[in-house]
Amino acid sequence: MVETGTVHRLLLVAVITLLSTGCAFANVDVHPPDAPPAAQLEAQGRGGPGRGREVIVHAPFADARYELTRCGMQKNGYNMDTADVKCTEAPGRWVADALAVELLRAGYKPLRADAVPGPTTIVVSGTVHQLFLEPKHDFFTLTVEGDVSARLVVSTASGLLAERGFYVKGTETGIASTEAAFQASSDQATRRIARSMVAALTQLLERYPGLGAPSASAPGSPALRSDR
Amino acid sequence: MSPRPTALALFLLVALAACGRHVVLDPETVDRVNDRAWTVRSEPRPTDVLAADAGAPR
Numbered sequence: 045m046v047e048t049g050t051v052h053r054l055l056l057v058a059v060i061t062l063l064s065t066g067c068a069f070a071n072v073d074v075h076p077p078d079a080p081p082a083a084q085l086e087a088q089g090r091g092g093p094g095r096g097r098e099v100i101v102h103a104p105f106a107d108a109r110y111e112l113t114r115c116g117m118q119k120n121g122y123n124m125d126t127a128d129v130k131c132t133e134a135p136g137r138w139v140a141d142a143l144a145v146e147l148l149r150a151g152y153k154p155l156r157a158d159a160v161p162g163p164t165t166i167v168v169s170g171t172v173h174q175l176f177l178e179p180k181h182d183f184f185t186l187t188v189e190g191d192v193s194a195r196l197v198v199s200t201a202s203g204l205l206a207e208r209g210f211y212v213k214g215t216e217t218g219i220a221s222t223e224a225a226f227q228a229s230s231d232q233a234t235r236r237i238a239r240s241m242v243a244a245l246t247q248l249l250e251r252y253p254g255l256g257a258p259s260a261s262a263p264g265s266p267a268l269r270s271d272r
Numbered sequence: 242m243s244p245r246p247t248a249l250a251l252f253l254l255v256a257l258a259a260c261g262r263h264v265v266l267d268p269e270t271v272d273r274v275n276d277r278a279w280t281v282r283s284e285p286r287p288t289d290v291l292a293a294d295a296g297a298p299r
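So the protein lines, in turn, are chains G and P.
In the numbering used here, each residue carries its 1-based index in the first sequence increased by 44.
In the numbering used here, each residue carries its 1-based index in the second sequence increased by 241.
In structure tokens, the structure reads:
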């Protein structure tokens, strides 16, 4: 027979174990970062490096992630995968929209995929390879890391074809892996990759100043969604 | 608890922690996998050539 004292001690260990894992058994939702209204972004972009160049963004981007069913995992204190992080929007749309926001903020004129390209209109398509959030436990704190990776292909009817891969990380340190921590890490990583893409595009287009000239394409709707 | 089960429990916890899966990359690997430059597969034709093409009879 097992002694009552031993049973009590085992129960105590089990309770402490459960408490130490906190809310790590609950799924978490993350959404794309909030963006200011399009008019505000346009105002910010005036005089920016985009110089009003027109860019058709083929949204959504393709989704080539390894795990297609979730955007991250919750973990307990023992590094065990205990729950899922769910994206409220498909990552292909998520990253393409973030790019359109940053293009507008930098002074470009992002156009939707249904715009008719002229010979020098810049056309951007992409593939998302990673969008994954995961907590990492330190001794006293916890850091939610968010990795976002995508590959962009830039082309024009005049013959330009260029591609580049981007991989960025967002981090949010706290004492627990709450939904807010996941969201903050995701926002940081998304904005970081979108800004990296715009900076790289600007660098590429400096070599070809004739590309993307305003009115190169037939008028198209802005690539930004109406709710932004 | 006697020392043997305690040691076993500790060993299991350490083993569990070590077996945990990591998907995100460490910062050094992120630096390594990030492309530093564009790969230009083909250059655009000059604007004057394009203009000549547009004006040329078909």
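Every residue gets a Cβ at the ideal spot worked out from N, C-alpha and C, and that includes glycine.
Neighbour list for Tyr252 (chain G) in chain P, Cβ cutoff strictly below 7 Å: Pro285, listed in chain order.
Would you call the CB atoms of Val188 (chain G) and Phe226 (chain G) closer than 9 Å? Their beta carbons are under 9 Å apart, which means Val188 (chain G) touches Phe226 (chain G) by this criterion.
What are the boundary residues of the beta strand (DSSP E) that includes Thr222 (chain G)? From DSSP, Thr222 (chain G) is part of no beta strand (DSSP E); its letter is neither H nor E.
For chain P, find out if any of its Cβ atoms is closer than 9 Å to the Cβ of Phe176 (chain G); answer yes or no. Judged by the 9 Å Cβ criterion, Phe176 (chain G) is in contact with chain P.
Among G:Arg195, G:Phe183, G:Thr185, nearest to Gly170 (chain G) - alpha-carbon criterion: That would be G:Arg195, whose Cα lies nearest to the Cα of Gly170 (chain G).
For Pro268 (chain P), would you say it is in contact with chain G, using Cβ-to-Cβ distances shorter than 9 Å as the test? At a cut-off of 9 Å, the C-beta of Pro268 (chain P) has a neighbouring C-beta in chain G.
Report yes if the C-beta distance between Ala103 (chain G) and Ala157 (chain G) is below 9 Å; otherwise report no. A contact, by the Cβ cut-off of 9 Å.
With distances taken between CB atoms, is the gap from Leu205 (chain G) to Tyr252 (chain G) smaller than 9 Å? The Cβ atoms of Leu205 (chain G) and Tyr252 (chain G) do not sit closer than 9 Å to each other.
Based on Cα-Cα distance, which residue from G:Asp128, G:Glu216, G:Leu155, G:Val168 lies nearest to Leu112 (chain G)? Looking at the Cα atoms, G:Asp128 is the closest of the given residues.
Hey, out of G:Lys153, G:Arg208, G:Arg236, G:Ala243, whose CA is closest to Glu98 (chain G)'s CA? For the residues G:Lys153, G:Arg208, G:Arg236, G:Ala243, the minimum Cα distance to Glu98 (chain G) belongs to G:Lys153.
My parser needs the alpha helix (DSSP H) runs of 4 or more residues fully inside the segment 50 to 114 of chain G; what are they? Taking only runs of at least 4 residues, the alpha helix (DSSP H) segments lying wholly in the segment 50 to 114 of chain G are 82 to 89.
Give me the Cβ distance between Leu13 (chain G) and Thr200 (chain G), rounded to the nearest whole Å; I'm assuming they're in contact under 8 Å. Outside the shown range of chain G (45 to 272) lies residue 13 (chain G), about which nothing can therefore be said.
What residues in its chain sit with their C-beta under 6 Å from that of Gly116 (chain G), if we drop five residues either side in the sequence? Beyond the five residues adjoining it in sequence on each side, Gly116 (chain G) comes within less than 6 Å, by CB distance, of Val129, Phe176, Leu177, Glu178 in the same chain, given in chain order.
Determine which residues of the segment 125 to 149 of chain G have a Cβ less than 7 Å from any Cβ of chain P, and write them out in chain order. Cβ proximity to chain P below 7 Å picks out Asp125 from the segment 125 to 149 of chain G.
Excluding the five sequence neighbours on either side, which residues of its own chain have a C-beta within less than 7 Å of the C-beta of Ala244 (chain G), listed in chain order? Same-chain partners within the cutoff: Arg208.
Do you know offhand how far Ser229 (chain G)'s Cα is from His75 (chain G)'s? Cα-Cα distance, rounded: 11 Å.
Would you kindly work out how many angstroms separate the C-alpha atoms of Glu284 (chain P) and Pro258 (chain G), rounded to a whole number? Note on geometry: alpha-carbon atoms of Glu284 (chain P) and Pro258 (chain G) lie some 20 Å from one another.
Considering only residues of the same chain and omitting the five flanking positions on each side of Thr126 (chain G), which have a CB-CB separation below 8 Å? Once the five neighbours on either side are set aside, the close Cβ partners of Thr126 (chain G) are Thr65, Ala68, Phe69, Met117, Gln118, Lys119, Asn120.
Since Arg262 (chain P) meets chain G, which of its residues come closer than 7 Å, beta carbon to beta carbon? Under the 7 Å cutoff, chain G gives Asp125.
Can the beta-carbon of Leu147 (chain G) be found less than 9 Å from the beta-carbon of Val242 (chain G)? Yes. Within cutoff.
For a contact defined as C-beta to C-beta under 8 Å, what are the partners of Arg282 (chain P) on chain G? Those are Leu205, Ala206, Glu207, listed as they occur along chain G.
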